[in-house]
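Notes for the one structure printed next.
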Amino acid sequence: MDDKLMRVTVLGSCGTFPTAGRACSGFLVEGSDGDRHARVWVDTGSGTFSNLLRHTTLAALDAIWVSHLHMDHVSDLPAVNYALRFGRDDRRPSRLPVFGPHGWADHLRAFLTLDSVEPTERGRDTLDEAFEVHELHDGQRVDLGPLRLTAMATLHGVETYGVRAAVGDQVVAYSADSGPCPALEALAADARLFICEAAWLDWDENAPPMHLTPQLAGEYAARAGAQRLTLTHLRNLRDPQVAAMRAKAAFGGEVSLAREGDVFELGGPGGTL
Ligand SMILES: [Zn+2]
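In my numbering, each number is its position in the sequence shown, counted from 1, plus 10.
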């Protein structure tokens with residue numbers, strides 16, 4: 011990768027559950043300043059581990075970032091634990107740092123050992139052999155080589171963190187799952203690329219405000235001054251182009267629908283996406 015370059019690869023973009031050949035939420039975010047390079051896997055939704063391995067290895071990752079503990083964002087993490095403990099090709103010289111909401115490790119320990127959620131020695135060994143445990147809080151900054159990550163709490167009913175990832179002035183923002191909230195505007199402020207969820211085609215008055223519509227995603231992208239918007243987490247749509255059109259009408263700029271294998275590059279010699 012070139013000087014001050016960021017690259018985002020879509021590993022999964024389905025909302026809530028996968029569809030044939032596609033995966034739930036996950037992104038590989040890479041950053042380089044010419045000398046240093048960092049890679050973080052953001053959200054480990056169902057099917058994203060397999061897709062990740064098309065592009066990199068667990069040994070080459072600097073960290074995993076789990077936005078929240080809903081299954082469509084975290085369900086491949088136990089498989090990563092197995093690969094690190096039992097895989098021949100994925101052994102790392104050190105444990106893999108995992109950043110997630112409060113208590114993520116206890117939930118995973120219980121799942122891996124079939125113990126209760128109360129921490130046990132067996133659970134500790136099982137998880138801590140592979141992962142280095144980090145818990146996120148709102149506003150937390152995590153530096154991975156040249157890649158600067160900032161956690162921003164969003165509105166989703168459970169503890170959830172969007173992430174603002176930057177190398178120099180190149181910024182990629184990811185909403186994670188969120189209902190309407192002021193944090194989204196700060197999260198995506200002047201971002202070159204805003205990856206925003208749009209789980210609901212139409213606003214649902216009867217549901218808790220835990221997701222966005224394409225129109226709302228477009229409005230937040232416009233208010234934040236984002237340069238480009240990519241919709242993700244679309245759920246069960248018969249015609250996804252309707253979602254793209256609604257987002258574009260609200261945003262006014264370029265809109266795409268995230269798709270597994272999509273690659274976005276920021277910076278570098280051309281300075282464009
Ligand atoms: Zn969720």
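Each residue gets a CB set at the ideal place from its N, CA and C atoms; glycine is no exception.
One or two residues paired with residue i in a DSSP bridge
i: His144; result: Phe109
i: Leu203; result: Val182
i: Val298; result: As displayed, the chain neither begins before 11 nor continues past 283, which places residue 298 out of reach and without an answer.
i: Thr19; result: Leu38 and Val273
i: Met255; result: The partner list for Met255 (beta bridge, DSSP) is empty, contrary to what the question assumes.
i: Asp153; result: Arg158
i: Ala176; result: Arg158 and Val181
i: Ala163; result: Tyr171
Any non-hydrogen atom of ligand 1 within 7 Å of residue i CB
i: His117; result: no
i: His166; result: yes
i: Asp53; result: no
i: Tyr112; result: Sequence inspection shows His at residue 112; the Tyr mentioned does not correspond to that position. No, Cβ of His112 sits at least 7 Å from all heavy atoms of ligand 1.
i: Asp187; result: yes
i: His333; result: Residue 333 cannot be examined here, being either before or after the span of the chain that is shown, 11 to 283.
i: His65; result: no
i: His83; result: yes
Element boundaries [beta strand (DSSP E), containing residue i]
i: Leu38; result: Gly36 to Ser42
i: His47; result: His47 to Val52
i: Phe121; result: Here Phe121 belongs to no beta strand (DSSP E); instead the alpha helix (DSSP H) covers Trp114 to Thr123.
i: Val76; result: Looking at the DSSP string, Val76 is not in any beta strand (DSSP E), and its letter there is neither H nor E.
i: Leu68; result: No beta strand (DSSP E) holds Leu68; DSSP gives it neither H nor E.
i: Ser266; result: Glu264 to Leu267
Delimiting residues of the alpha helix (DSSP H) encompassing residue i
i: Leu87; result: Leu87 to Phe96
i: Lys195; result: Note that residue 195 is Glu in the sequence shown, not Lys. It spans Ala193 to Leu197 - the alpha helix (DSSP H) in which Glu195 sits, taken as one unbroken run.
i: Ser60; result: Thr58 to Leu62
i: His83; result: Met81 to Val84
Any C-beta of chain C under 8 Å from that of residue i
i: Ser60; result: Absent here is chain C; the protein component of the structure consists of one chain.
Point to revise | Residue ranges of each alpha helix (DSSP H) within the region 207 to 253, 4 or longer | key: Correct list: 224 to 234.
Review point. Three or more beta-carbon pairs under 8 Å between the region 222 to 231 and the region 200 to 209, yes or no?
Key: With a cut-off of 8 Å, the region 200 to 209 and the region 222 to 231 count as touching, because enough Cβ pairs lie within range.
**Study point:** At least 3 beta-carbon pairs within less than 8 Å: the region 48 to 68 vs the region 15 to 30
**Key:** Here the region 48 to 68 makes contact with the region 15 to 30; the two share three or more CB pairs at distances below 8 Å.
Practice item. Please determine if the region 192 to 202 and the region 80 to 95 are in contact, where contact requires at least 3 C-beta pairs separated by less than 8 Å. Key: As far as the Cβ criterion goes, the region 192 to 202 does not touch the region 80 to 95, which means the pair count is below three.
Point to revise | Meets three-Cβ-pair contact criterion under 8 Å: the region 163 to 178 and the region 135 to 145 | key: By the Cβ test, the region 163 to 178 is not in contact with the region 135 to 145, since fewer than three Cβ pairs between them sit closer than 8 Å.
Practice item. Could you tell me whether the region 180 to 191 touches the region 147 to 157, using the rule of 3 or more Cβ pairs below 8 Å? Key: Touching, no.
Review point. Taking contact to mean at least 3 C-beta pairs separated by less than 8 Å, is the region 56 to 71 in contact with the region 29 to 42?
Key: With a cut-off of 8 Å, the region 29 to 42 and the region 56 to 71 count as touching, because enough Cβ pairs lie within range.
Review point. For the region 250 to 257 against the region 265 to 272, are there 3 or more C-beta pairs whose distance is under 8 Å?
Key: Taking 8 Å as the limit for Cβ pairs, the verdict is that the region 265 to 272 does touch the region 250 to 257.
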